[in-house]
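Undergrad: After the structure tokens below, expect a handful of questions from me.
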Amino acid sequence: MSAEATPRINAPYLSQFSHRTVRLLGKVRQLRGELATVDAGGDVVVHLNRDAHLQLNHAVEIIGKVQNDLSVRVMACSDLGPEGDIDFAAVDAVVDATHRYHEIFYEKEQ
1 MSAEATPRIN APYLSQFSHR TVRLLGKVRQ LRGELATVDA GGDVVVHLNR
51 DAHLQLNHAV EIIGKVQNDL SVRVMACSDL GPEGDIDFAA VDAVVDATHR
101 YHEIFYEKEQ
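Next up, the structure:
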């Protein structure tokens with residue numbers, strides 16, 4: 001039994017991963033009840049679960065499922081601390097490599 005692949009994406013890749021589980025790393029920009037807005041190369045609306053404890057201006061890694069409206073429903077998340085502690089150019093390079101060499105990281109749907 002193999003684990004489900006969770007490719008790293010950012011906002012521009014959302015439409016390619018509808019109904020799939022992904023990893024998203026970004027900056028928390030807004031919190032509104034059970035919703036958050038995360039900047040991951042563009043704004044992404046995130047549906048929080050009860051275990052999600054996000055803080056404004058912190059970096060966060062989210063594992064979640066992309067919805068029809070291109071929002072992401074959180075399955076798990078990790079607060080990575082103040083956003084200034086993360087090199088987001090490096091994060092974007094990892095996302096780029098993930099999709100450039102997708103055969104290493106995930107199978108493309110036909």
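Position 59, counted from 1, in the sequence shown is what full-length UniProt numbering calls 59; the numbers after and before it change by one each time, with no gaps.
Glycine included, each C-beta is placed from N, C-alpha and C at the ideal position.
#1: Within 10 Å of its beta-carbon, does Y13 have 16 or more other beta-carbons around it, so buried, or fewer, so exposed?
#2: Once DSSP output is grouped into helix, strand and coil, what is the label at I104?
#3: Can you tell which of N68, K27, A76, V72 has the C-alpha that lies nearest to the C-alpha of H47?
#4: Based on DSSP bridge pairs, tell me the residues matched to A36.
#5: Where does P7 land, buried or exposed, given buried means 16+ other C-beta within 10 angstroms?
TA: Working from what's here:
#1: Taking the sequence shown and counting its residues from 1, one reaches residue 13 at position 13. So Y13 ends up on the buried side.
#2: For the purposes of this step, residue 104 is taken as the residue at position 104 of the sequence shown. Three-state result, I104: helix.
#3: On the sequence shown, residue 47 is found 47 positions in, with the first residue counted as 1. Nearest of N68, K27, A76, V72 to H47, Cα basis: V72.
#4: Within the sequence shown, numbered from 1, the residue matching residue 36 stands at position 36. According to DSSP, A36 shares a beta bridge with L31, V46.
#5: The residue given as residue 7 occupies position 7 in the sequence shown. P7 comes out buried.
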